[in-house]
Structures are given as structure tokens and as C-alpha cells.
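Worksheet: the structure to be examined is printed underneath.
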Amino acid sequence: METQTTASSERILVIDDDVEFCKLVTRYLAQEGFAIESANAGASGAEQALSGNHSLVVLDVMMPGVNGFDVLRRIRAQSRIPVLMLTAKGDALDRVLGLEMGADDYLPKPFNPQELAARIRAILRRAKPDAPSGAPITVGDVEIDPRARVARRAGEIVNLTTVEFDLLEALLRAAGQVVGREKLTRDVLGRDFSPFDRSIDTHVCNLRKKIGLLPDGTERIKGVRGIGYLYARPAEI
């Protein structure tokens, strides 16, 4: 395990069995102003991720023994800490699986260190917005509190990841209107849209599962082919 700290309040945990890779990432992210801790085994990494001492986890998929998916499963069973998965380049299945299991984003290896830092900052901005709107938003039986970052359906709390919460907020604010996939990718994921990137669609799928169907059995979030998604207002249900 390697630890390097700076004056930054954002503590990042890197979990990867490649010691040299961790050293390189630690050195670069420390220069970018982050406080870095690394773990080189899945089991110990999961324990550290659940310690409450970190703002975000960078998690490699391919590790011996307890792999990245196992670690993510353990984390999501107890915590909503943001997780950025590192996947093999070109392995779309790993990316989709990671997102379905609750990862906030992914980055294929090899990658540009600047891209890693940019992804981390984007996720942290979503987790801790600078100026959140204070007014709760209610559409039908779904309500969110942007300040507390709490979502409820019929009065019951719905546990959402950082991305899922921001996605729901974006759709509720535009309820009754179609929000383009490009806009959702830019506003929620913090990056430019690519027609080959299905991340936002996977997050929508996860959100649908968590908030459930409408009383009449139809989807709350309706897909508009080739454009984006619409959250139906009660009058339109």
C-alpha cells in the first residue's frame, strides 16, 4: 500500500494489483492536488473503501482473487461512495456490467492521466455540487431533496448512486419534456457525448429499476428513440 497526501481535502483510493501502476497514478494525482491512498488487493481495498476516509474510489476490474466486480459489490452493499472503474480497452461488457452494478463511471486502460483527473473531478463535482438548489422537486409520488441528496418514492427512501441521483434530478426538472442524450451525458456525466458511449442508457436502466413502474405498470422514464428520455408528469400518465 502507498499513501501520498497533499493539502487537498479530496482523498482518493486507488485499488489495483499493479504496484507500479499505482505508483504512477499516485504520483500524477498528487500533483493534481489530490490526497492519494492505494491498495494492491481486492479484499483489503474493499475494507479501505468502506472506512469512510475517502471521497472516491478508482477501481481496476482485472485483479486476481477478489476482482474489481467483487469489490464493487461489497462497496455497494454498504456505501454510495463514488466509484470509477478501470476496464480493459475495448471490453464493452465489463463497462456495462460495472455500470449496472453501481459504478459511477469507467475509463478504459490505457488512458491519458489528464483524462483520469478530469473524470475524477467531474464525479466529485456531481457528488458535492457547489451551489445546489434548495427546493425539493416533486413529480407524482417521487420527490428529491437536492441539498440532502435524498430521493423518495411514496415516502420511502430510494438508494441511488451519485450519477443516478443527478440523472433523476435532471429528468424531474424537465418533467414532461424530452431531454437529449447529449445533454444528459454532458450535464450528468460531465463529458462530451459519443454515439458509441451507452453509459447514460445504462444509468437510465438502473434508475428505472430502482424507482419502479407507475401504478398502471408503465415506465416513469420514457425513451424517445434517437433523441433521449422523458419523465412523465402525472397528467401525462
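Each residue of the sequence shown is one higher than the one before, starting from 1122 at the first, in this note's numbering.
Glycine included, every Cβ here is placed at the ideal spot set by N, Cα and C.
| Asked | Found |
| --- | --- |
| Ranges of the beta strand (DSSP E) found wholly within the region 1220-1307, counting only runs of at least 3 | 1226-1230, 1258-1260, 1263-1266, 1271-1274, 1277-1279 and 1299-1301 |
| Residues near E1123 in its chain [Cβ-Cβ closer than 7 angstroms; skip 5 each side] | Residue placement at E1123 is poorly supported in this model, since its pLDDT is 49, which falls under 50; the coordinates still yield a value, given next. Closer than 7 angstroms at the Cβ level, and outside the excluded window around E1123, lie C1143, K1144, T1147 and S1159. |
| Cβ-based burial, T1259 [other Cβ within 10 Å; buried from 16] | exposed |
| Neighbourhood of E1153 by C-beta, 8 angstroms cutoff - its chain only, sequence neighbours within 5 removed | A1238 |
| Proximity of V1192 and T1208 at Cβ, strictly below 8 angstroms | no |
| Beta strand (DSSP E) segment containing K1343, residue limits | I1342 to V1345 |
| Rounded straight-line distance, which links the Cα of S1165 to that of R1201 | 18 angstroms |
| Proximity below 8 angstroms, CB of L1364 to CB of K1343 | Residue 1364 cannot be examined here, being either before or after the span of the chain that is shown, 1122 to 1358. |
| N- and C-terminal bounds of the alpha helix (DSSP H) containing T1323 | S1320 to I1332 |
| Assigned exposure category for G1349 - 16 Cβ within 10 Å defines buried | buried |
| Rounded C-alpha distance that separates L1310 from A1243 | 7 angstroms |
| Simplified DSSP assignment, three categories, for L1351 | strand |
| Inter-residue CB distance, D1287 and A1275 (contact presumed, cutoff 8 angstroms) | With a Cβ gap of about 22 angstroms, D1287 and A1275 do not count as contacting. |
| Residue closest to D1225, alpha-carbon to alpha-carbon, out of P1234, I1241, Q1169 and E1277 | I1241 |
| Buried/exposed call for T1283, threshold 16 Cβ in 10 Å | buried |
| Beta-carbon proximity list for N1161, same chain, < 6 angstroms, skipping 5 on both sides | D1138 and V1140 |
| V1279 beta carbon less than 8 angstroms from that of R1270 | no |
| Opposing strand residues paired with T1339 [DSSP bridges] | Bridge partners of T1339: none, in fact. |
| Beta strand (DSSP E) segment containing S1172, residue limits | Counting along the chain, S1172 falls outside any beta strand (DSSP E), and DSSP gives it neither H nor E. |
| Bounding residues of the beta strand (DSSP E) (the contiguous stretch that carries D1181) | L1177 to D1181 |
| Assigned exposure category for P1355 - 16 Cβ within 10 Å defines buried | exposed |
| Nearest-angstrom Cα separation, counted from A1170 out to A1353 | 37 angstroms |
| R1132 (DSSP reduced to helix, strand or coil) | strand |
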